[in-house]
Amino acid sequence: MAERAAPGGAGPEAAAPVPAGPQAPELSREEKLQLRKEKKQQKKKKRSEKGLAAEPAELGAPSDPGQPRVAAHPTSPPALADGPNDSEKPTGGKSKAELRAERRAKQEAERAQKQAKKAELSQAVTAAKPRLTPTEPQSVVKRLPEHVQVDDPAAQRKLAKKLERQQVPLRQDYGTKVNLFSHLHQYSRKKPLTQQMSIPSTVIHPAVVRLGLQYSQGIINGSNARCIALLEVFKQLIRDYSTPPNEELSRDLVAKLKPHISFLNQCRPLSASMGNAIKFLKKEISCLPDTLREEEAKEKLQDAIDKYLREKILLAAEAISRSAFEKINDKDVILVYGCSSLVNRTLCDAHVKKGRAFRVIVVDSRPRLEGRETLRRLVHKGIHCTYVMINAISYVLPEVSKVLLGAHALLANGSVMSRVGTSQIALVSKAYNVPVLVCCETYKFCERVQTDSFVSNELGTASVPFLPPGTRSLFPLLARTGQSTLPFPFLGKGPPLTGRMAWQAAAVSCAPRAGQRGAVPLPDPAGCSSLCR
Amino acid sequence: MSTDDLIETFRAQLRDDPDVASAVVAIRVLLGFLKQDRGETIQGLRSSLLAAIDTLSRVDSSVAVSSGGELFLRFISLTSLEYSDYSKCKEIMIERGEIFLRKVSLSRNKIAKLCHPFIRDGAQILTHAYSRVVLRVLEAAVESKKRFSVYVTESQPDQAGQKMAKALRKLNIPVTVILDAAVGYIMEKVDLVLVGAEGVVESGGIINKIGTNQIAVCAKAQNKPFYVVAESFKFVRLFPLNQQDVPDKFKYKADTLKTSQNLTEEHPWIDYTSPSLITLLFTDLGVLTPSAVSDELIKLYL
Chain A
1 MAERAAPGGA
11 GPEAAAPVPA
21 GPQAPELSRE
31 EKLQLRKEKK
41 QQKKKKRSEK
51 GLAAEPAELG
61 APSDPGQPRV
71 AAHPTSPPAL
81 ADGPNDSEKP
91 TGGKSKAELR
101 AERRAKQEAE
111 RAQKQAKKAE
121 LSQAVTAAKP
131 RLTPTEPQSV
141 VKRLPEHVQV
151 DDPAAQRKLA
161 KKLERQQVPL
171 RQDYGTKVNL
181 FSHLHQYSRK
191 KPLTQQMSIP
201 STVIHPAVVR
211 LGLQYSQGII
221 NGSNARCIAL
231 LEVFKQLIRD
241 YSTPPNEELS
251 RDLVAKLKPH
261 ISFLNQCRPL
271 SASMGNAIKF
281 LKKEISCLPD
291 TLREEEAKEK
301 LQDAIDKYLR
311 EKILLAAEAI
321 SRSAFEKIND
331 KDVILVYGCS
341 SLVNRTLCDA
351 HVKKGRAFRV
361 IVVDSRPRLE
371 GRETLRRLVH
381 KGIHCTYVMI
391 NAISYVLPEV
401 SKVLLGAHAL
411 LANGSVMSRV
421 GTSQIALVSK
431 AYNVPVLVCC
441 ETYKFCERVQ
451 TDSFVSNELG
461 TASVPFLPPG
471 TRSLFPLLAR
481 TGQSTLPFPF
491 LGKGPPLTGR
501 MAWQAAAVSC
511 APRAGQRGAV
521 PLPDPAGCSS
531 LCR
Chain B
1 MSTDDLIETF
11 RAQLRDDPDV
21 ASAVVAIRVL
31 LGFLKQDRGE
41 TIQGLRSSLL
51 AAIDTLSRVD
61 SSVAVSSGGE
71 LFLRFISLTS
81 LEYSDYSKCK
91 EIMIERGEIF
101 LRKVSLSRNK
111 IAKLCHPFIR
121 DGAQILTHAY
131 SRVVLRVLEA
141 AVESKKRFSV
151 YVTESQPDQA
161 GQKMAKALRK
171 LNIPVTVILD
181 AAVGYIMEKV
191 DLVLVGAEGV
201 VESGGIINKI
211 GTNQIAVCAK
221 AQNKPFYVVA
231 ESFKFVRLFP
241 LNQQDVPDKF
251 KYKADTLKTS
261 QNLTEEHPWI
271 DYTSPSLITL
281 LFTDLGVLTP
291 SAVSDELIKL
301 YL
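What follows is the structure, encoded as structure tokens:
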């Protein structure tokens, strides 16, 4: 892998392809490390006056013993990492080494000029943003979250250091990775978390460990359930917390929460709902007046959490259910997908309280088969249900009058993030001219914008014993549904007690707006993108 | 004021002032009702106003009356009326009502001013049925010395198109009445389509005389701009997903609703045009794209 070890990533920015035979770890890596050291020193001599803090690439590789893949494949970025080069380019192919070397030499010269300007600035700017254009380091850089940069070893090293500081164990990636998703974490589900890493009990509260296990094993599923469980555990944490002497509760508690959050993030990436809940909690804690005694402060926090739960989740669900009920008519055929607590509640309410005579088609998909849960709940209430798999949707859609979907998160440009398969349903519904309604509480709103489903996602691993060996059995958990294809009336609700009640309790259309109201940005029907592309 | 008095006044005013939108008349009547109200509490006032609006919308089942009424109510109770003296509150509400009425009466002129620049010299315009706002816009275009000709659909079953044609001829605009079925035929000759609206819904779509949806679809197929002119009091808190979803109380005339046995045998008077078919909406709040309507609606109703 000599060419891979060659420095100066002048190659394209594409994720590195699977290098052949990287599984032979120790020996070749040592050699590679040696090579890298030499090359780096050469480079350093070239750019000697820059005085850049070389990120010790050698530290990075040995610290990931169980990650032969991550250490092996972009071996040049460690060499790059010392460079002030913001445009990191992990080397691509293996066979065009000579051309690459020439190109690199040319680019070195060009870069040398740029480096002179950027020397100090790039020291401050982390190399965590691999695609930064040369002009950007002047301003404050918006960092990509680390969980979408798994193939960037610099970012991973930062994460490892951070976790070390917080004394949270690092979870190893597992299994072969597909190119398309090599930037995402891939964890093993077979072995429970606690068997893989040792968790210091002084740092992480056992309730949080339990929660992390429940998340990682998929016992607690669904963004509402996860958020509620999280907040309950945080209440427990607060109850068991005692301020150490010479510390202030408002500052210390936030610091104590950080390792727990990192740990939970390791177990399963935080959802938008959880992220917003954590932001709220941190704000509440830091806004505590100093004059309160510890007991009072803790009680105040617990009340705040209870209020958040009640308003943003429970009451919002009721408000949404009430306004969605307007759209359910007699003799309607409603299509639902997967399992969404909000959609289930809406349908059950519509059936029980007002007795609308409608029937439901539940669409399900492997490997999670969450639709079965929906089916169970609806049939229990006496709703007439049909159960199909997702490949049958073109068969059933002609008789469907509306589609009701839940959402994992709502992005700033109006796109909806939801379980994989949702965008497929939305696209096919558009083709059949069936209106698609999305139910989403306002606390799931996310300030991010995502243009496709690959950038940020979660990989699940399927335990599929009957797949032929060698088949890569992974699947993205989330899909993004764009807005162009649909008249996408969207039922977004917030707590019915705020001033924006009337509006939030109504269906608003998707139209371009830059979050003027602070909470709900409405996207314009433009350019759909989905997993099915 | 009893219900019958209310209805009588409403009908009388409609008769006397055929040029004014029925919603404006309704607001005027409501203002009169407010002035004459003998109640002692704000809540009582609100509920009697709501009842009055309901009565009026049962007389004239157009969307605009109910939306106009609701907006009137919201406008007068806009900020918290914290005066302990009820009569003072009432005075303020009446004052605000007058302001609202004045604003609303001026809206047509504002729209005409915004819209007529979009009519170029030598343009061929297609319009549908009888709309006073469109008439005002075309009047403004004539006043700015533009020459254009108009095609009007006959608009069955009440032949409203003929009424429109007569009014246009009085303005010396060359006008041709065409069959409703001839819209697809004439669309290639036309430069732009200009229609009014009975109601503007949250999605940015419109509710208008039956036949508007067809015209919009034809215009879209031939890439002709489809412009809608509507006052802001026609913005209504509805979100129809399709034609079925429009409430029956708007689809059929008030008398039909009362007397008919089986509504499915009646012909609806309005249809819903989806926002994807509309290019621009001209309102007294400005020139809006269908997506912006939602935002404006929110601002209005908050």
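Those protein sequences? They're chains A and B, same order as listed. For the first sequence, full-length UniProt numbering gives the first residue as 1, with consecutive numbering after it. For the second sequence, full-length UniProt numbering gives the first residue as 1, with consecutive numbering after it. By construction, the Cβ of each residue, glycine as well, lies at the ideal position given by its N, Cα and C atoms.
I'd like to know whether the C-beta atoms of residue i and residue j end up nearer to each other than 8 Å.
i: lysine 253 of chain B; j: serine 61 of chain B; result: yes
i: glutamate 284 of chain A; j: leucine 257 of chain A; result: no
i: cysteine 115 of chain B; j: valine 137 of chain B; result: yes
i: residue 348 of chain B; j: valine 190 of chain B; result: Lying before the first or after the last residue shown, residue 348 of chain B is absent from chain B, which here runs from 1 to 302.
i: lysine 113 of chain B; j: alanine 141 of chain B; result: no
i: glutamine 424 of chain A; j: isoleucine 390 of chain A; result: yes
i: leucine 231 of chain A; j: alanine 277 of chain A; result: yes
i: glutamine 266 of chain A; j: valine 416 of chain A; result: no
i: leucine 375 of chain A; j: valine 403 of chain A; result: no
i: methionine 93 of chain B; j: serine 105 of chain B; result: no
i: histidine 351 of chain A; j: lysine 331 of chain A; result: no
i: glutamate 370 of chain A; j: cysteine 339 of chain A; result: yes
i: leucine 45 of chain B; j: aspartate 37 of chain B; result: yes
i: glutamine 149 of chain A; j: histidine 183 of chain A; result: yes
i: glycine 414 of chain A; j: cysteine 439 of chain A; result: no
Where do the ends of the alpha helix (DSSP H) carrying residue i lie?
i: leucine 347 of chain A; result: 341 to 352
i: tyrosine 86 of chain B; result: 86 to 115
i: arginine 157 of chain A; result: 153 to 166
i: histidine 260 of chain A; result: 249 to 267
i: methionine 417 of chain A; result: Run containing methionine 417 of chain A: none in the alpha helix (DSSP H); it sits in the beta strand (DSSP E), 416 to 419.
i: lysine 35 of chain B; result: 22 to 36
i: phenylalanine 280 of chain A; result: 272 to 286
Along the chain, where does the beta strand (DSSP E) containing residue i start, and where does it finish?
i: tyrosine 387 of chain A; result: 384 to 389
i: serine 149 of chain B; result: 148 to 153
i: phenylalanine 282 of chain B; result: 280 to 283
i: threonine 273 of chain B; result: 270 to 273
i: glutamate 441 of chain A; result: 436 to 441
i: glycine 406 of chain A; result: 402 to 406
i: aspartate 364 of chain A; result: 359 to 364
i: asparagine 208 of chain B; result: 206 to 209
Ordered along the chain, which non-local residues of its own chain (more than five positions away) have a Cβ less than 6 Å from that of residue i?
i: valine 246 of chain B; result: Pro240, Tyr272
i: glycine 66 of chain A; result: Since pLDDT at glycine 66 of chain A reaches only 41, below the 50 mark, its modelled position is unreliable, and no value is offered.
i: glycine 196 of chain B; result: Ser131, Val133, Val134, Val229
i: valine 63 of chain B; result: Glu198, Gly199, Ile207, Val236, Phe250
Alpha carbon to alpha carbon, how far is residue j from residue i? Give it in angstroms, no decimals.
i: glutamate 70 of chain B; j: leucine 56 of chain B; result: 12 Å
i: proline 244 of chain A; j: glutamate 108 of chain A; result: 53 Å
i: aspartate 121 of chain B; j: proline 275 of chain B; result: 28 Å
i: threonine 451 of chain A; j: arginine 268 of chain A; result: 23 Å
i: glutamate 98 of chain A; j: arginine 104 of chain A; result: 10 Å
i: arginine 356 of chain A; j: alanine 229 of chain A; result: 33 Å
i: leucine 474 of chain A; j: leucine 213 of chain A; result: Below a pLDDT of 50, predicted positions are generally treated as unreliable, and leucine 474 of chain A, at 47, falls in that range; the measurement from the model is reported next regardless. Going from the Cα of leucine 474 of chain A to the Cα of leucine 213 of chain A covers about 20 Å.
i: alanine 160 of chain B; j: valine 24 of chain B; result: 20 Å
i: arginine 28 of chain B; j: serine 107 of chain B; result: 15 Å
i: glutamate 91 of chain B; j: glycine 199 of chain B; result: 31 Å
i: residue 303 of chain B; j: leucine 297 of chain B; result: Absent from the structure is residue 303 of chain B, since the part of chain B shown begins at 1 and ends at 302.
i: glutamine 162 of chain B; j: glycine 68 of chain B; result: 27 Å
i: arginine 359 of chain A; j: glycine 421 of chain A; result: 22 Å
i: isoleucine 328 of chain A; j: alanine 409 of chain A; result: 24 Å
Please list the partners that residue i has in chain B, where partner means a Cβ-to-Cβ separation under 8 Å.
i: lysine 402 of chain A; result: Leu241
Report the neighbours of residue i on chain D: residues whose CB is nearer than 7 Å to its CB, in chain order.
i: proline 435 of chain A; result: Looking for chain D here will not work: the only protein chains present are A and B.
Who are the neighbours of residue i on chain B, taking C-beta pairs under 7 Å?
i: lysine 43 of chain A; result: Simply none; closest approach about 52 Å.
Beta-carbon within less than 8 Å of residue i's beta-carbon, same chain only, minus the 5 sequence neighbours each way: which residues are those?
i: arginine 239 of chain A; result: Lys298, Gln302
i: isoleucine 313 of chain A; result: Asn224, Cys227, Ile228, Glu441, Tyr443
i: lysine 282 of chain A; result: Val254, Leu257
Under 9 Å between beta-carbons, which chain B residues line up against residue i? List them in chain order, please.
i: lysine 327 of chain A; result: Phe239, Leu241, Asp245
Give me, in chain order, the residues of the same chain whose beta-carbon lies closer than 7 Å to that of residue i; leave out the 5 immediate sequence neighbours on both sides.
i: threonine 283 of chain B; result: Ile111, Ala230, Glu231, Ser232
i: alanine 52 of chain B; result: Leu6, Leu30, Phe33
Run the proximity test for residue i: is its beta-carbon closer than 7 Å to any non-hydrogen atom belonging to the ligand FMN?
i: lysine 162 of chain A; result: Absent from the structure shown: the ligand FMN. Ligands present: none.
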